[in-house]
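As they're listed, the protein sequences go chains A and B.
Per the working numbering, the very first residue in the first sequence carries number 1; after that it's consecutive.
Per the working numbering, the very first residue in the second sequence carries number 610; after that it's consecutive.
From the three backbone atoms N, C-alpha and C, an ideal C-beta is built for every residue, glycine too.
Nothing here was measured: the structure is a model prediction, and the numbers come from that model.
Working notes, beginning with the structure itself.
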Amino acid sequence: MQASLIAPPMSVGVKVNDFSIQVATVNGSGSQTANTVLMRSIFQMGVPVSGKNLFPSNIAGLPTWFTIRASHQGYIGRKKEIDFFIAMNAETAQEDVLKLAAGSAVIYDAPLKLSELREDLHFYPVPFDQLVGPVCPEAKLRKLVKNMLYDGVAAHLLGIDLEEMHKALYKQFGPKKKKAADLNWGAVLAGKKYAEENLTKTDACWVAPMDRTAGKMIIEGNTAAALGCMFAGVTVLTWYPITPSSSLAEALIHYLGRFRRDAETGAGTYAVVQAEDELAAIGMAIGAGWVGARSMTCTSGPGVSLMSEFIGLAYFAEIPVVVIDVQRVGPSTGLPTRTMQGDIMSNALLSHGDTKHPVYFPSSPEECFTLSQAAFDTAELFQTPVFVNLDLDLGMNNWMADEFPYPETPIARGKVLTAEDLDRLGGFARYKDVDGDGVPYRTLPGTRHQAAAYFTRGTGHNDKAAYSEREDDWANNLDRLTRKFESLRRALPAPDVQLSEGATIGVVSCGTSRYAMEESRDQLGREYGTKVSVLRLKAYPFADGLGEFIDRHERVYVIDQNRDAQLLALMKLDLGVERVAKLRSVRYYGGMPLDARTVTDDIVRQEGL
Amino acid sequence: MSAPAAPKKVNRVGLEVLNYRGGKTTLCAGCGHNAITERLIEAFWEMGVEPSQVAKLSGIGCSSKTPAYFLSQSHGFNAVHGRSPAVATGALLGNHTLKCVVVSGDGDTASIGIGQFLHMVRRNMPLIYIIENNGVYGLTKGQFSATADVGATLKTGTVNELQPIDCCLMGVELGATLVARSFSGDKRQLSAILKAAIAHNGLSVIDVISPCVTFNDHVGSTKSYAYMKDHEEPLHELDFVPGFSDIEVEIGEGETRTVEMHDGSTLVLRKLGADYDPTSRMRAVTVLHEAAERQEVVTGILYVDPARPNFMDGLEIVNSPLATLPESRVRPSREVLAQIVEEFR
């Protein structure tokens, strides 16, 4: 097979390992397998890739676009421009093709006659329906198998190693579906053969072998977070299905079923309940946290809104619970299958009255894995609800990731008094600040000691958890909770800071904005000669490093994937006026993953470069 | 010369009834809820349940304050309005060895909490769910709840025209395995029901008509002491014999029906008028509908199925409480992580 690989010419204008492929299909047509195989083939050739699925809120019949970015520099954020387009959906094909930049390549279903639309593109017509018949005798499977033909055509035109595609395809189907894999491999070969015999390569995109993906995985953030929860020792998951967080719960259920059974009896060391709604999901998680379980729920913006009252109770009654929020576009039902950092403020401040909560901002699958573990420790160490703030882009798209580190520190269960402790102490006051860090001691229901019990309530209470409407009791309690929050600030991970020598401009972001931020920094340096430092926040309350970073720079741009500059607004609550005066906002809120060019263009505009 | 002090009366775990008491009630004098609190104290003491192994929960409202007034040596949780079923469910997920008792009201259960109530019923969660039902919102000073009967009037003269929700009917229909209705003033019956509920290994829904002396105990109220006196129709006389007791049941005149509970206890139903079979769902539904038509309140054990598995049975979890499993049982090995990583390469 190696012999048939055509090598890229080393001429000017050729894009080797630096382009985006987009496949336009109809959802429910089974194109996901073909797209994954195409992406993995490039990845296996050692080229950094990312895969983003732009899908409708619908089960079958509406347009879907899958974008694969190959980048020898290792940029894995979205790239706005499409260089290589595969048009399989008649409904969107014309509009899609009209939007392409001049010089792009188009593989298309021949009857669509797209080449008549423009003269500045490289067109490759393929009669998919004619080709699929001979390789797939069973008519009802043809719709699915047809997609594999474009993998074969693309492999030929882009110079993808067929051996790698073969490996990717058989991995995708797994050993149990060998017959289906054989059928699909036949389609790849037919596509490849047709391209060899009928198409002449004229566009600039090529894949060439590299060595930048050795040892790496391709994984979705939701799966990575689910694995983090399992290795954190989660014991209770209560959830309600909602896009885009359902796949997190489902991945966790899958792995718990495989790896969290008692070796002797086969009984689970976990409980999972699909609740009747988000109110019940969070209520159950809080009940479980109260008795001492490592409990969690996962949801998205609409669910977070519903959980508001309960989160206030858990904050005030000081009950550990982890909430993973995979953000989608709001307000309201919004765009359920598009991405946004829309819940930064609500995660940090959810519920009525004086409330605030720690929030983790993972930016990669590795951090989804490590920070969701950290969230469970933080919840128990500080007896409070903890949010893990993902977004749809991170949660549901395919990311390259390094091998996950096995947790090296023991699980932290926090200040829990046992019956022996109570014998020694003679008793305890549930909300007393014994250690000066604002974190009180608790006992678990079921502790066999007559001094163990206390009454948990969302109403005013004193040190001993007794009902109180006294002014001093209320204020003392709130002040202690403030001390606890400041202890938290010192315990949370510091931001990731990359300083540029002599830079006067800084950029700050959290979560998936990282990729556009870092690529934009390089664009500003390369194209405008402007030096930029970057800082990525990993958690709220913000560590002191943020203030120092602002002090070092004249202007600091805060990237937000929302209209209302939520990250910037949260920083305003935490920082003094002099620092706030230096802040500028860069915002994007169209629902697509943020791209570097959008950030660069806005900074250039505001800087007057 | 004074007589020697009588030996203190203790239960089978060596505790006095004092160990089952709670804080002083802050409810109105004469409130039906206080009588229910007394019966709960007696029942838990008589059954010899260790207070430390009980979790008591509630929502919001007058009824939901009561867990502070009994079993002060048990952990208590006063949750948010209408949502105690979820919190109780979570508590049992985390520690299924706890004996869980939830006290709610008619507003907390049938109005704001009807969704969680019904789903708890569907799951047959192994807990005791008591509805202190007075048909009115006390803590917000006298608005109708969803259990108010058609034609019932408020002190202000407002007449309810909406259909009441019958929580017992819901309980029977949707999967609770012990459903009872009682009256806060009926000491003997309520006591037997509560003890049966403590012995029961599934969900017990106990709807207790509990007159609100301040807002709903007047002529025109169908949840007043006077109305209940005239309209209560006991289905049977009840006795409960704990499995650990060697006391013979005082079998009186007439026929009896006995139901053996999961833990070996016995529920004895003594025929009053027509014989009543509490193991028949159809019969329970019919009796409830017929009583409503006659504007009567039937009390007693309406339905019981001691054999049906509860939600926790179906989860197939380890015997030890999940909450306190050590790290070695909840964090998979290094090899497992390596295996998973390989699958994504």
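Practice task
Could you have a look at residue 167 of chain A and say whether DSSP puts it in helix, strand or coil?
Solution key: Looking at residue 167 of chain A - three-state DSSP - the assignment turns out to be helix.
Problem - 6 Å Cβ shell around residue 330 of chain A - same chain, five flanking residues per side excluded - result: Around residue 330 of chain A: 301, 342.
Practice task
Please confirm if residue 941 of chain B has its CB atom under 8 Å from at least one CB of chain A.
Solution key: The beta carbon of residue 941 of chain B sits closer than 8 Å to some beta carbon of chain A.
Exercise for the section: Would you mind working out which of A/401, A/506, A/93, A/481 sits nearest residue 110 of chain A, comparing C-alpha positions? Expected result: Selected option, being the one with the closest Cα: A/93.
Problem - Continuous beta strand (DSSP E) stretch holding residue 509 of chain A: start and end - result: Its beta strand (DSSP E) spans residues 505-510.
Exercise for the section: Could you work out which residue in B/940, B/892, B/635, B/749 is closest to residue 678 of chain B when comparing CA atoms only? Expected result: Answer by Cα proximity: B/635.
Handout entry: Closer than 7 Å: residue 603 of chain A CB and nearest the ligand SAM heavy atom
Key = By its list of ligands, the structure shown contains no ligand whatsoever, and the ligand SAM lies outside what it can speak to.
Handout entry: For residue 765 of chain B, three-class secondary structure by DSSP
Key = In this structure, residue 765 of chain B counts as coil in the three-state DSSP scheme.
Practice task
Return yes when the Cβ of residue 720 of chain B is within less than 8 Å of the Cβ of residue 754 of chain B, no when it is not.
Solution key: Closer than 8 Å, so yes.
Practice task
Work out the CA separation of residue 665 of chain B and residue 416 of chain A for me, nearest whole Å.
Solution key: About 20 Å.
Practice task
Would you mind telling me which residues of chain B sit closer than 8 Å to residue 284 of chain A, beta carbon to beta carbon, in chain order?
Solution key: For residue 284 of chain A, the residues of chain B that pass the 8 Å Cβ criterion are 695, 696, 698, 699, 702, in the order they occur in the chain.
Problem - Under the three-state DSSP convention, the category residue 602 of chain A falls into - result: Residue 602 of chain A carries a helical assignment under DSSP once its states are collapsed to helix, strand and coil.
Practice task
Use the C-beta contact count for residue 853 of chain B: other C-beta atoms within 10 angstroms, 16 or more gives buried, fewer gives exposed.
Solution key: Flag for residue 853 of chain B reads exposed.
Practice task
Let me know the secondary structure DSSP gives residue 3 of chain A once reduced to three states.
Solution key: For residue 3 of chain A, the predicted structure reports a pLDDT of 39, less than 50, and the residue's modelled location is therefore unreliable. A value from the coordinates is still provided. Here residue 3 of chain A sits in helix by DSSP.
Exercise for the section: Determine the direct distance from the alpha carbon of residue 169 of chain A to that of residue 535 of chain A, and round the result to whole angstroms. Expected result: CA-CA distance, residue 535 of chain A to residue 169 of chain A, rounds to 39 Å.
Handout entry: Sufficient close CB pairs (3 or more, under 8 Å) joining the region 837-849 of chain B to the region 896-910 of chain B
Key = Counting Cβ pairs under 8 Å, three or more are found: they touch.
Handout entry: CB contact below 8 Å: residue 772 of chain B versus chain A
Key = Residue 772 of chain B does not count as touching chain A.
Exercise for the section: Could you check the C-alpha separation between residue 77 of chain A and residue 597 of chain A for me, to the nearest Å? Expected result: C-alpha separation (whole angstroms): 11 Å.
Practice task
Starting from the C-beta of residue 445 of chain A, find all residues in its chain whose C-beta is less than 6 Å away, skip the five residues before and the five after it, and write them out in chain order.
Solution key: Only residues of its own chain outside the window of five on either side were considered, and among them 291 have a CB closer than 6 Å to the CB of residue 445 of chain A, listed in chain order.
Exercise for the section: Flag this pair as yes or no: are the beta carbons of residue 44 of chain A and residue 167 of chain A separated by less than 8 Å? Expected result: Result yes, Cβ atoms of residue 44 of chain A and residue 167 of chain A sit closer than 8 Å.
Problem - Rounded straight-line distance, which links the Cα of residue 813 of chain B to that of residue 914 of chain B - result: When rounded, the distance between both Cα atoms is 10 Å.
Problem - chain A contact for residue 798 of chain B (CB, 8 Å cutoff) - result: False, the Cβ-Cβ gap to chain A never drops below 8 Å.
Problem - Minimum Cβ-Cβ distance from residue 380 of chain A to chain B less than 8 Å - result: Answer no: the Cβ-Cβ gap between residue 380 of chain A and chain B never drops below 8 Å.
Exercise for the section: For residue 3 of chain A, count neighbouring Cβ atoms within 10 angstroms of its own Cβ and tell me buried if that reaches 16, exposed if not. Expected result: Since pLDDT at residue 3 of chain A reaches only 39, below the 50 mark, its modelled position is unreliable, and no value is offered.
Exercise for the section: Give the secondary structure of residue 892 of chain B by DSSP, where H, G and I count as helix, E and B as strand, and everything else as coil. Expected result: Reduced to three states, the DSSP call for residue 892 of chain B is helix.
Problem - Enclosing alpha helix (DSSP H) for residue 945 of chain B [first to last residue] - result: It spans 943-952 - the alpha helix (DSSP H) in which residue 945 of chain B sits, taken as one unbroken run.
Exercise for the section: From the DSSP output, in three-state form, read off residue 200 of chain A for me. Expected result: In the displayed model, residue 200 of chain A falls within coil according to three-state DSSP, outside both helix and strand.
Practice task
Indicate the three-state DSSP secondary structure (helix, strand or coil) for residue 822 of chain B in the structure shown.
Solution key: Coil, per DSSP.
Practice task
Please state whether DSSP places residue 566 of chain B in a helix, a strand or coil.
Solution key: Here chain B comprises residues numbered 610 to 954, so residue 566 of chain B is not present and cannot be evaluated.
Exercise for the section: Please name the residue in A/316, A/255, A/193, A/68 whose C-alpha comes closest to that of residue 688 of chain B. Expected result: Of the listed residues, the one whose Cα sits closest to residue 688 of chain B is A/316.
Practice task
Count the other CB atoms, across all protein chains shown, that sit within 10 Å of the CB of residue 179 of chain A; report buried if there are 16 or more and exposed otherwise.
Solution key: In this structure residue 179 of chain A is exposed. Its beta-carbon is surrounded by fewer than 16 other beta-carbon atoms within 10 angstroms.
Problem - At least three beta-carbon pairs within less than 8 Å, the region 184-196 of chain A to the region 220-239 of chain A - result: Result no; under three Cβ-Cβ pairs closer than 8 Å.
Practice task
Could you have a look at residue 732 of chain B and say whether DSSP puts it in helix, strand or coil?
Solution key: Note: residue 732 of chain B maps to helix in three-state DSSP.
Practice task
Using a Cβ-Cβ cut-off of 8 Å, state whether residue 450 of chain A counts as contacting chain B.
Solution key: So, interface residue.
Problem - Where the alpha helix (DSSP H) containing residue 903 of chain B begins and where it ends - result: From DSSP, residue 903 of chain B is part of no alpha helix (DSSP H); its letter is neither H nor E.
Handout entry: 8 Å Cβ cutoff, residue 219 of chain A in contact with chain B
Key = By this cut-off, residue 219 of chain A is an interface position.
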